[in-house]
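Read the structure below first, then the notes.
There are 2 protein chains.
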Amino acid sequence: MSSATRHEQRSAESQERLILAAQALILRQGYCATTVDQICNEAGLTKGSFFHHYANKDAIGHAAIDAWGAMGTRLYSAAWNDAAKDPLAQVDHMLDIMISFTKGDEPCACVIGMMSQELAQSHPELAVLCAKHLDDWTQHVARLLNEAKKIHKPVKPFDSQRVGWFLNSIWQGSMLLGKVRQKPQTIVDNLEQARAYLAALFTTTATSGITRATAAKKPRKKTVKP
Amino acid sequence: MSSATRHEQRSAESQERLILAAQALILRQGYCATTVDQICNEAGLTKGSFFHHYANKDAIGHAAIDAWGAMGTRLYSAAWNDAAKDPLAQVDHMLDIMISFTKGDEPCACVIGMMSQELAQSHPELAVLCAKHLDDWTQHVARLLNEAKKIHKPVKPFDSQRVGWFLNSIWQGSMLLGKVRQKPQTIVDNLEQARAYLAALFTTTATSGITRATAAKKPRKKTVKP
DNA sequence: ATTTACATACCAACCGGTACGTATGTCATC
DNA sequence: GATGACATACGTACCGGTTGGTATGTAAAT
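In order, the protein sequences belong to chains S and D. The opening position of the first sequence corresponds to residue 97 in our numbering, with each subsequent residue numbered one higher. The opening position of the second sequence corresponds to residue 97 in our numbering, with each subsequent residue numbered one higher.
Set out below in structure tokens:
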């Protein structure tokens, strides 16, 4: 664990500072609009240091994407790794985490969604990396839904992956609209509707309210503050 | 109608060429990544001409957004203006139009969604313009849902605007994911799930299939090819 | 109808600033 | 002393925007 030499420590710290700076700037203004000078400035380092660690601008874009993916995995781990729970409860937990994520200081946004939008057609390499991380997320949802199918009887048969992509789209689209509208509540509203949609896949009873009022009445436990 | 002088005609044509060029480039690479040189090149004009018609780069961004909004209004008009129909049928028609829009040559994407993502925090002026157009779209959906409430009894009370924003998020998020994944089918899948969600707001019967198979069996009429 | 006077649309060349990337040097660490 | 982490200074290309000029169209005066 502590076998890292002083050089390695320093190097890792600087790289992390650069990545965090890049992520913050990308979230604020997008990838193309952020310059490596800005990244260096925000990280408190100089360009010499930057190009010592990263061959070019795309390299830190790559690193920023991977780091964001890892952060997400950490963020959702509480929901994804609780095999003791009912899978549907895990899905609910996941939605709670997503909702609590919107409560951050800066507007709720996703580096991967941002870069996907911007670079899908101009930077194939970064685009496929984004697609990979988005696919990982979706597969986690699909797995939970498949496990839920073993316990609860679906009202109608459905494809878990398709529903996973549906939820992912809602998530990304909500962050987009919540940002331009400057109304993070939009995200919460949409996630609650998504929760109702998911619940309705397994039960026809009216226990899963469609209106937000019913869903909000029972306070869910706060989980993470990223 | 034909009271336009030769100068006015030429001017309007050039402006349209510039706007179409800008939209195409923005869809492909985003706003920041597109240069006015590229726009001029694609439009077959020079920079002198460009800055004669538009004061600066943001000006054509503004024009591109408005033109895209107008295009959308034209695109959906068949669904939005058919007061004779059941409002829910109008919603279905709207979804059909959205699906047929994904079948275009170039990847299905939205100038307004793209610029919203990129400029939400860096270009407030363009951001509020995007938000305005997105709000227009949502209000059309909300209006249809409100009219539907007068005819059909909702299973549970719901807020039409909230559902409108939900559908808008699905639409934007789907285009985003469909683009990075290079799988436009993702968009169609999501829209079919949205269709099921909307139908389930008004009826508990199983007539509105959640699975895509049932929904796809009955062929819906093709509407527009943009 | 021609001429005159002017406005419009457009072009080619240029300018300041900036972005990415490099070349070289320095100092702590191994 | 060699290497790794970082800083300084610079080079090159390009981007948004300007400038001066031209050619065409328009409108009024003759």
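For glycine and all other residues, C-beta sits at the position ideal for the given N, C-alpha and C.
### Task
Identify, in the order they occur along the chain, each residue of the same chain with its Cβ nearer than 6 angstroms to the Cβ of A216 of chain D, setting aside the five sequence neighbours on each side.
In the second sequence, the residue the question calls residue 216 of chain D occupies position 120. Excluding the 5 residues flanking it on each side, A216 of chain D has same chain C-beta neighbours closer than 6 angstroms at A223, in chain order.
### Query
With a cut-off of 9 angstroms, does the C-beta of R308 of chain S fall near any C-beta of chain D?
Against the first sequence, residue 308 of chain S aligns to sequence position 212. Below a pLDDT of 50, predicted positions are generally treated as unreliable, and R308 of chain S, at 36, falls in that range; no measurement from the model is reported.
### Message
Let's test the definition: count the other Cβ atoms within 10 Å of the Cβ of A118 of chain D and tell me whether it reaches 16, buried, or not, exposed.
### Response
As a position in the second sequence, residue 118 of chain D is number 22, starting the count at 1. With 16 or more Cβ atoms within 10 Å of its Cβ, A118 of chain D is classed as buried.
### Task
Have a look at S:P253, S:A185, S:A175, S:F262 and flag the residue whose alpha-carbon is nearest the alpha-carbon of N286 of chain S.
Within the first sequence, the letter at position 190 stands for residue 286 of chain S. Minimum Cα distance to N286 of chain S is reached at S:F262.
### Query
Is DSSP giving C226 of chain S helix, strand or coil here?
Residue mapping note: residue 226 of chain S aligns to position 130 of the first sequence, counting from 1. Correct three-state label for C226 of chain S: helix.
### Query
Does any CB atom of chain S fall closer than 9 angstroms to the CB of K313 of chain D?
Taking the second sequence and counting its residues from 1, one reaches residue 313 of chain D at position 217. No answer about K313 of chain D holds up, because its pLDDT of 39 lies below 50 and its placement is not dependable.
### Query
Which bits of chain S does I195 of chain D rub up against, with CB to CB less than 7 angstroms?
Position 99 of the second sequence holds residue 195 of chain D. Listed along chain S is no residue with a C-beta nearer than 7 angstroms to that of I195 of chain D; the closest approach is about 14 angstroms.
### Message
Please confirm whether T299 of chain D has its beta-carbon closer than 9 angstroms to some beta-carbon of chain S.
### Response
On the second sequence, residue 299 of chain D is found 203 positions in, with the first residue counted as 1. Not a single C-beta of chain S is nearer than 9 angstroms to the C-beta of T299 of chain D.
### Query
DSSP state of V237 of chain S, grouped into three classes?
Counting from 1 along the first sequence, the entry for residue 237 of chain S is found at position 141. Looking at V237 of chain S - three-state DSSP - the assignment turns out to be helix.
### Task
Please report the residue range of the alpha helix (DSSP H) in which N137 of chain D lies.
As a working note, residue 137 of chain D is residue 41 in the second sequence. Note, N137 of chain D: alpha helix (DSSP H), 132–139.
#### Entry: 7 angstroms Cβ shell around L273 of chain S - same chain, five flanking residues per side excluded
Sequence index remark: in the first sequence, residue 273 of chain S carries index 177 (1-based). Excluding residues within five positions, the ones whose Cβ falls inside 7 angstroms are T282.
### Task
Return the chain-ordered list of same chain residues with a C-beta closer than 6 angstroms to the C-beta of R291 of chain S, the five sequence neighbours on each side being excluded.
Within the first sequence, residue 291 of chain S is the residue found at index 195, counting from 1. Counting only residues of its own chain and dropping the five nearest sequence neighbours on each side, R291 of chain S has a CB closer than 6 angstroms to the CB of L191.
### Query
Is T235 of chain D buried or exposed, if buried means 16 or more other CB atoms sit within 10 Å of its CB?
One-based indexing of the second sequence puts residue 235 of chain D at position 139. Residue identity differs from the one stated: residue 235 of chain D is Gln in this sequence, not Thr. Of the residues assessed, Q235 of chain D falls on the exposed side of the cut-off, its CB having fewer than 16 other CB atoms within 10 angstroms.
### Message
Can you check whether the C-beta of W85 of chain S is within less than 9 angstroms of a C-beta belonging to chain D?
### Response
What is shown of chain S runs 97 to 322, which leaves residue 85 of chain S out entirely.
### Query
Counting pairs of beta carbons, one from the region 237–249 of chain S and one from the region 181–188 of chain S, are three or more of them closer than 8 angstroms?
Yes, the region 237–249 of chain S touches the region 181–188 of chain S.
### Task
Taking only runs that begin and end inside the region 240–283 of chain S, name each unbroken beta strand (DSSP E) of 3 or more residues, in chain order.
Within the region 240–283 of chain S, no complete beta strand (DSSP E) run reaches 3 residues.
### Task
Identify, in the order they occur along the chain, each residue of the same chain with its Cβ nearer than 6 angstroms to the Cβ of T101 of chain S, setting aside the five sequence neighbours on each side.
For this step, residue 101 of chain S is matched to residue 5 along the first sequence. Answer for T101 of chain S: no residue qualifies.
### Environment of K275 of chain S [buried if 16+ CB atoms lie within 10 Å]
As a first step, residue 275 of chain S must be located in the first sequence, where it is residue number 179. Label assigned to K275 of chain S: buried.
### Query
Going along the chain, which residues of the region 124–135 of chain S sit with their C-beta nearer than 8 angstroms to a C-beta in chain D?
For the region 124–135 of chain S, which is checked against every Cβ of chain D, the residues closer than 8 angstroms are R124, Q125, G126, C128, A129.
### Query
In its own chain, which residues sit with a C-beta less than 6 angstroms from the C-beta of Q134 of chain D, not counting the 5 before and 5 after it?
Looking up residue 134 of chain D in the second sequence gives position 38. Cβ within range, chain order: L121.
### Task
Give a yes or no on whether 9 angstroms exceeds the smallest Cβ distance from E221 of chain D to chain S.
Translated into the one-based positions of the second sequence, residue 221 of chain D becomes position 125. Answer no: the Cβ-Cβ gap between E221 of chain D and chain S never drops below 9 angstroms.
### Where the alpha helix (DSSP H) through A159 of chain S begins and ends
The residue given as residue 159 of chain S occupies position 63 in the first sequence. Per DSSP, the unbroken alpha helix (DSSP H) holding A159 of chain S starts and ends at 153–176.
#### Entry: Contact list for R277 of chain D against chain S, beta-carbon separation under 7 angstroms
The residue given as residue 277 of chain D occupies position 181 in the second sequence. Within chain S, the residues near R277 of chain D are A227.
### Query
With respect to the alpha helix (DSSP H) encompassing G209 of chain D, which residues constitute its N-terminal and C-terminal limits?
Within the second sequence, residue 209 of chain D is the residue found at index 113, counting from 1. That run of the alpha helix (DSSP H) goes 207–215.
### Task
For K143 of chain D, name the three-state secondary structure that DSSP assigns.
Indexing the second sequence from 1 puts residue 143 of chain D at position 47. Looking at K143 of chain D - three-state DSSP - the assignment turns out to be helix.
### Message
Distance check for V237 of chain S and G260 of chain S, CA to CA, integer angstroms please.
### Response
Start at 1 with the first residue of the first sequence, and residue 260 of chain S comes out as number 164. Start at 1 with the first residue of the first sequence, and residue 237 of chain S comes out as number 141. Whole-angstrom Cα-Cα distance: 5 angstroms.
### Query
Alpha carbon to alpha carbon, what distance is there between P280 of chain D and T142 of chain S?
Translated into positions along the first sequence, residue 142 of chain S becomes position 46. Translated into positions along the second sequence, residue 280 of chain D becomes position 184. Roughly 42 angstroms separates the two Cα atoms.
### Message
Taking the straight line between their C-alpha atoms, what separation do you get for T198 of chain D and S107 of chain S?
### Response
For this step, residue 198 of chain D is matched to residue 102 along the second sequence. For this step, residue 107 of chain S is matched to residue 11 along the first sequence. If you draw a straight line from the Cα of T198 of chain D to the Cα of S107 of chain S, it is about 46 angstroms long.
### Query
Roughly how far, in whole angstroms, is the beta-carbon of R113 of chain S from the beta-carbon of G140 of chain S, given that I think they are within contact range, below 8 angstroms?
One-based indexing of the first sequence puts residue 113 of chain S at position 17. One-based indexing of the first sequence puts residue 140 of chain S at position 44. Right, their Cβ atoms sit about 7 angstroms apart.
#### Entry: First through last residue of the alpha helix (DSSP H) which encompasses E104 of chain S
The residue labelled residue 104 of chain S in the question sits at position 8 within the first sequence. From DSSP, the alpha helix (DSSP H) with E104 of chain S extends over 102–125.
### Query
Which of helix, strand or coil does DSSP assign to E202 of chain S?
Sequence index remark: in the first sequence, residue 202 of chain S carries index 106 (1-based). It is coil, neither helix nor strand.
### Message
For a cutoff of 9 angstroms on Cβ pairs, would you count N264 of chain D as touching chain S?
### Response
For the purposes of this step, residue 264 of chain D is identified with residue 168 of the second sequence, where counting begins at 1. The beta-carbon of N264 of chain D is placed less than 9 angstroms from the nearest beta-carbon of chain S.
### Query
Which chain S residues are close to P203 of chain D, counting only those with a beta carbon under 8 angstroms from its beta carbon?
Within the second sequence, residue 203 of chain D is the residue found at index 107, counting from 1. Residues of chain S passing the Cβ test: A216, Q217.
### Message
On the CB-based measure, 16 or more other CB atoms within 10 Å of its CB, does N264 of chain D come out buried or exposed?
### Response
Within the second sequence, numbered from 1, the residue matching residue 264 of chain D stands at position 168. Within a 10 Å sphere around the beta-carbon of N264 of chain D sit 16 or more other beta-carbons, which makes this residue buried.
### Message
Just to confirm my understanding: we take K321 of chain D, look at its own chain, exclude 5 residues before and 5 after, and list those with CB closer than 8 angstroms. What are they?
### Response
Taking the second sequence and counting its residues from 1, the one referred to as residue 321 of chain D is at position 225. Residue placement at K321 of chain D is flagged as unreliable, the pLDDT there being 36, under the threshold of 50; the coordinate-derived value follows with that caveat. Here the set comprises S196, K199, G200.
### Query
Does any C-beta atom of chain S lie closer than 9 angstroms to the C-beta of T303 of chain D?
Reading the second sequence from its first residue, position 207 is the one you call residue 303 of chain D. Caution is warranted here: a pLDDT of 45 is assigned to T303 of chain D, below 50, making its placement in the model unreliable, and the coordinate value is therefore given only provisionally. So, not an interface residue.
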